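Right, one structure below, let's go through it.
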């Protein structure tokens, strides 16, 4: 018996929730699930609120099963998961900030997204108006002789997103890093309420700009699941083509940028050329460099034209010709390897505990890839491997990206060869009353979860978007411990977590 | 590595010709800009980028300005690490309530004379995020803006066209 299926018999099954089951449970079942998370028998995929309820998405990796448990929180409280399973800490803090629901016996009661500047408390719950009162944030203590603190951010030195890092260092060595995020919180889930599908898809596609395709895909698949429809075959294949182009462009950019943070600008320059080629191919094929708003519920907004095919084929040729030389350059430059090998090691047990997705998980022994499992079309019909390592350092995260670039090049070639014809978009049916849908899609950074409920009029009642960064940011704190402060940019870039996707 | 470096020597550069300057940007900047910029700064500008709440799409394209195709530094434009070294603040995103103070303090840390360039549709009026409890509005809601570069995100060419307008003030006067 799997770790999820017996739980499913302990609650009331939601009638209109697809594709995986959702059940309303009581506190005792909720607690059993928390204990199983703590014991490593289940993986936490998400934890999010509604005004009167809290939901928890769970994955049984061994059985490949997914389910959502929901608990009533109309009393304004819900049993915290964090005492059993620390990865839930920030998610609980976010629920408290957004909905005002109190996680009972939570490990950390400090606010997270709410910096005291919104002029409203619990904006998605009771929305109590408040005066703006930014309170000082209590960072966790680091005690010992001759420790000093280095505050960094929210405005950073490079062209990157804002966030605050508080280092406690002994000399050069980092003793503790604590992140403070939430600076780019835009209230996307608040804007989603009552939005029509066109506007909601635009918002979803702007959750994290580098993952415009992956978010568009996850949102569209969640809508289609809720409505019980499928996009046409050609649209499904075009979506995969866009997703792999996005992965390619981001990985090229990341590989170069990581090397640049180790002061090796030659790799940066050459990878930057390949990234630009990928973006131009995307623009030629789909009319937008980041392929923003190209995926819509029901299909795709633009078809691939013959000049687009030529552009993508030229990209494949150039990448296949140039990339091997860059891999060799990376592998044979001792001064660069000296920086990346052995820095920022993430232990496999932590990656497994946090259910870290993407290259962060795959460089530390967790092979999960949503394209494989739960899997979605057209990937079961395509030939690709999911690379994995267990050394968990910056070098391993670079190599996972390198191998994934190779896989994506192969996937794009296969898709172009086998792209089916036919329509690219199907009309959406009228929503059959209130219905719920969910999707788990693999972006370049890891698995993105979208959960939503449509009201009877086809508008969004509630939409939750969970970025892979939620389970990667906390691990960066662990990976940097014992490294020198000067290696932080390098380690941070190798994780490349999204600020905007996390802060929402 | 030597092979790669040698190849770069014998190959034609990838860098493309400068795009035409954006007329709308020139009109927005006006003549007052010319007198100060030319006198104080010559033809070189140091830019400090500030993400005040963007989705990171604009950052991707601003980063692309430094790649071999656009090569921003050939125009005398360069990104600097501190607002204290900057002439121009390049601000993206709707300004979130949580970034409002940081943006304001960055602005005040930038020495005069200074200019603010707002990049992207969100930076104009909050874009798709306008109206949220967590969003203060466009960049102009917090600091005075001298130039807008629209787009979601604007392509590197569009950003370059806008920035080059900062360096071509004599054409602004002939227009005005």
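Residue numbers (the working numbering), protein chains in the order written: chain A, 15 to 518; chain B, 7 to 182. A virtual CB, placed ideally from N, CA and C, is assigned to each residue, including glycine. Note that this is a predicted model, so its numbers are computed, not measured.
Report yes if the C-beta distance between residue i and residue j is below 8 angstroms; otherwise report no.
{"i": "residue 9 of chain A", "j": "residue 42 of chain A", "result": "This structure leaves residue 9 of chain A out entirely; chain A is present only between 15 and 518."}
{"i": "residue 85 of chain B", "j": "residue 173 of chain A", "result": "yes"}
{"i": "residue 53 of chain B", "j": "residue 20 of chain B", "result": "no"}
{"i": "residue 159 of chain B", "j": "residue 64 of chain B", "result": "yes"}
{"i": "residue 7 of chain B", "j": "residue 58 of chain B", "result": "no"}
{"i": "residue 93 of chain B", "j": "residue 51 of chain B", "result": "yes"}
{"i": "residue 383 of chain A", "j": "residue 428 of chain A", "result": "no"}
{"i": "residue 222 of chain A", "j": "residue 514 of chain A", "result": "yes"}
{"i": "residue 74 of chain B", "j": "residue 283 of chain A", "result": "yes"}
{"i": "residue 454 of chain A", "j": "residue 365 of chain A", "result": "no"}
{"i": "residue 7 of chain A", "j": "residue 472 of chain A", "result": "Residue 7 of chain A lies beyond the range of chain A shown here (15 to 518); nothing can be said about it."}
{"i": "residue 298 of chain A", "j": "residue 321 of chain A", "result": "yes"}
{"i": "residue 256 of chain A", "j": "residue 227 of chain A", "result": "yes"}
{"i": "residue 243 of chain A", "j": "residue 317 of chain A", "result": "no"}
{"i": "residue 469 of chain A", "j": "residue 483 of chain A", "result": "no"}
{"i": "residue 168 of chain A", "j": "residue 108 of chain B", "result": "yes"}
{"i": "residue 292 of chain A", "j": "residue 263 of chain A", "result": "yes"}
Can a CB atom of chain A be found closer than 8 angstroms to the CB of residue i?
{"i": "residue 169 of chain B", "result": "no"}
{"i": "residue 65 of chain B", "result": "yes"}
{"i": "residue 113 of chain B", "result": "no"}
{"i": "residue 21 of chain B", "result": "no"}
{"i": "residue 52 of chain B", "result": "no"}
{"i": "residue 177 of chain B", "result": "With a pLDDT of only 46 at residue 177 of chain B, under the threshold of 50, the placement of this residue in the model should not be trusted, and no figure is reported."}
{"i": "residue 116 of chain B", "result": "no"}
{"i": "residue 59 of chain B", "result": "yes"}
{"i": "residue 10 of chain B", "result": "yes"}
{"i": "residue 100 of chain B", "result": "yes"}
{"i": "residue 123 of chain B", "result": "no"}
Around the Cβ of residue i, are there at least 16 other Cβ atoms within 10 angstroms (buried) or fewer (exposed)?
{"i": "residue 399 of chain A", "result": "exposed"}
{"i": "residue 151 of chain A", "result": "exposed"}
{"i": "residue 186 of chain A", "result": "exposed"}
{"i": "residue 459 of chain A", "result": "buried"}
{"i": "residue 279 of chain A", "result": "exposed"}
{"i": "residue 119 of chain B", "result": "exposed"}
{"i": "residue 269 of chain A", "result": "buried"}
{"i": "residue 346 of chain A", "result": "exposed"}
{"i": "residue 11 of chain B", "result": "exposed"}
{"i": "residue 311 of chain A", "result": "buried"}
{"i": "residue 143 of chain A", "result": "exposed"}
{"i": "residue 496 of chain A", "result": "exposed"}
{"i": "residue 324 of chain A", "result": "exposed"}
{"i": "residue 517 of chain A", "result": "buried"}
{"i": "residue 358 of chain A", "result": "buried"}
{"i": "residue 330 of chain A", "result": "buried"}
{"i": "residue 179 of chain B", "result": "With a pLDDT of 42 at residue 179 of chain B, under the threshold of 50, the modelled position of that residue is not reliable, and the figure given next carries that caveat. The residue is exposed, with fewer than 16 neighbouring Cβ atoms inside 10 Å."}
{"i": "residue 88 of chain B", "result": "exposed"}
Residue i by DSSP, collapsed to three states: which one?
{"i": "residue 93 of chain A", "result": "strand"}
{"i": "residue 439 of chain A", "result": "strand"}
{"i": "residue 334 of chain A", "result": "helix"}
{"i": "residue 469 of chain A", "result": "coil"}
{"i": "residue 193 of chain A", "result": "strand"}
{"i": "residue 51 of chain B", "result": "strand"}
{"i": "residue 116 of chain B", "result": "coil"}
{"i": "residue 132 of chain A", "result": "coil"}
{"i": "residue 75 of chain A", "result": "coil"}
{"i": "residue 117 of chain A", "result": "strand"}
{"i": "residue 313 of chain A", "result": "strand"}
{"i": "residue 121 of chain B", "result": "strand"}
{"i": "residue 20 of chain B", "result": "coil"}
Check whether chain B comes within 8 angstroms of residue i, counting only Cβ atoms and requiring the distance to be less than that.
{"i": "residue 332 of chain A", "result": "no"}
{"i": "residue 415 of chain A", "result": "no"}
{"i": "residue 125 of chain A", "result": "no"}
{"i": "residue 465 of chain A", "result": "no"}
{"i": "residue 368 of chain A", "result": "no"}
{"i": "residue 280 of chain A", "result": "yes"}
{"i": "residue 223 of chain A", "result": "yes"}
{"i": "residue 142 of chain A", "result": "no"}
According to DSSP, what are the bridge partners of residue i?
{"i": "residue 163 of chain A", "result": "A/182"}
{"i": "residue 70 of chain A", "result": "A/61 and A/83"}
{"i": "residue 10 of chain B", "result": "In DSSP, residue 10 of chain B forms no bridge with anything."}
{"i": "residue 188 of chain A", "result": "A/183"}
{"i": "residue 233 of chain A", "result": "DSSP output for residue 233 of chain A lists no bridge partner at all."}
{"i": "residue 38 of chain A", "result": "A/26 and A/84"}
{"i": "residue 433 of chain A", "result": "Paired residues: none, contrary to the question."}
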